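Going by my numbering, the sequence shown opens with residue 13, and the numbers climb by one from there.
One structure below.
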Amino acid sequence: SQANDAERQDLSSRGLSSVPLEILEFVTLRRLILSNNNLSGLPTSIRSLVNLEYLDLSRNP
């Protein structure tokens, strides 16, 4: 699928300390997997992902 039409993004185990803001371009995103990173919070702008149904933040600090 095209970049801005992706429904599922798996960014697990990437050593991320923050959520890449580019993820906000995925307007149809339904599943976002951010497990096993170094995230300590989420940007408030993540609220713009109005189609998001599943968010995995397991194994983060």
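Ideal Cβ positions, reconstructed from N, Cα and C, are used throughout, including at glycine.
Values in this document were obtained by computation on a predicted structure and should not be read as measured data.
Simplified DSSP state of residue i, which is helix, strand or coil
i     : result
LEU36 : helix
ARG20 : strand
ARG43 : strand
Outcome for residue i when other beta-carbon atoms lying within 10 angstroms are tallied against a minimum of 16
i     : result
ASN63 : exposed
LEU74 : Summary: the structure shown does not reach residue 74, with the chain confined to residues 13 through 73, and so no result is reported for it.
Nearest-angstrom Cβ-Cβ length linking residue i and residue j, presumed shorter than 8 angstroms
i     : j     : result
LEU51 : SER29 : 7 angstroms
LEU54 : VAL31 : 6 angstroms
ILE2  : GLN21 : Because the chain in this structure spans residues 13 to 73, residue 2 falls outside the shown range and cannot be described.
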